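Letter 4 of the sequence shown, counting from 1, is numbered 356 in my numbering, and no numbers are missing.
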Amino acid sequence: MAKSDDFLSQAKRMGGLHFCPQTAEAWNEIAKILMRHCKTVEHASRVIDRFLSPGASEDFPTPGAVAQAARDTPADPKLDRPDLPAGCPDCEPYGGLWRDGKRGGVERCGCARGLKLSALDAIRAGSPELRKGGMRNAADFAKRAAGDCE
Ligand SMILES: [Zn+2]
């Protein structure tokens, strides 16, 4: 079971950023946010990595930004920037995410990339959001993205 100290140690990795908290209370507040949004210390560690990666702001993030990053960082590292094979002519018009479905709409492709995405869908299937409309939203997004390139 992760202790609050472990989350505090993760927060303290940002101690080199500008405007970092000056009081123990302020540090504890950041640790609390991490604890609230991250299931594991490993997850919290990957959230903090975002603020320390090259190109990130040198200023200490606001509590809201920490919470947002925690929500945006998947708990499962496999979902974080997955390493995908190249798409095929069927799915490339959809940014490699989809192909035209047999019964209208779109579906995952049958190529290596599509199969890998299907496998990731299965991992994500725990999320009710995706089942409800995430797939359609993602397809719309892919279509818009593809349209921009034409
Ligand atoms: Zn394909």
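Even for Gly, the Cβ is constructed at its ideal location relative to N, Cα and C.
Computed from a predicted structure; not experimentally measured.
Local conformation of residue i per DSSP, three classes
i           : result
residue 362 : helix
residue 442 : coil
residue 473 : helix
residue 502 : Because residue 502 carries a pLDDT of 36, less than 50, the predicted location of this residue cannot be relied on, and the following value inherits that uncertainty. Reduced to three states, the DSSP call for residue 502 is coil.
residue 423 : helix
residue 367 : helix
residue 401 : helix
residue 468 : helix
residue 357 : helix
residue 406 : coil
residue 431 : helix
residue 485 : Because residue 485 carries a pLDDT of 47, less than 50, the predicted location of this residue cannot be relied on, and the following value inherits that uncertainty. Helix at residue 485.
residue 436 : coil
Bridge-paired residues (DSSP) for residue i
i           : result
residue 393 : Paired residue(s): none; residue 393 is not in a bridge.
residue 451 : 459
residue 411 : 370
Contact belief for residue i with residue j at Cβ below 8 angstroms, rounded distance in angstroms
i           : j           : result
residue 379 : residue 404 : Not quite, the Cβ-Cβ distance comes to about 16 angstroms (not below 8 angstroms), so this is no contact.
residue 431 : residue 475 : 7 angstroms
residue 439 : residue 453 : Going by Cβ atoms, the distance from residue 439 to residue 453 rounds to 16 angstroms, so no, they are not a contact pair.
residue 393 : residue 358 : 4 angstroms
residue 412 : residue 369 : 4 angstroms
residue 381 : residue 415 : 6 angstroms
residue 465 : residue 458 : Not really, about 14 angstroms apart at Cβ, beyond 8 angstroms.
residue 363 : residue 390 : No, residue 363 and residue 390 are not in contact; Cβ-Cβ is about 11 angstroms, not under 8 angstroms.
residue 395 : residue 427 : 5 angstroms
Item to complete: Any chance you could list the residues with Cβ under 5 angstroms from a heavy atom of ligand 1, keeping chain order?
Response: With the cut-off at 5 angstroms, the residues found are 439, 440, 442, 443, 461, 463 and 466.
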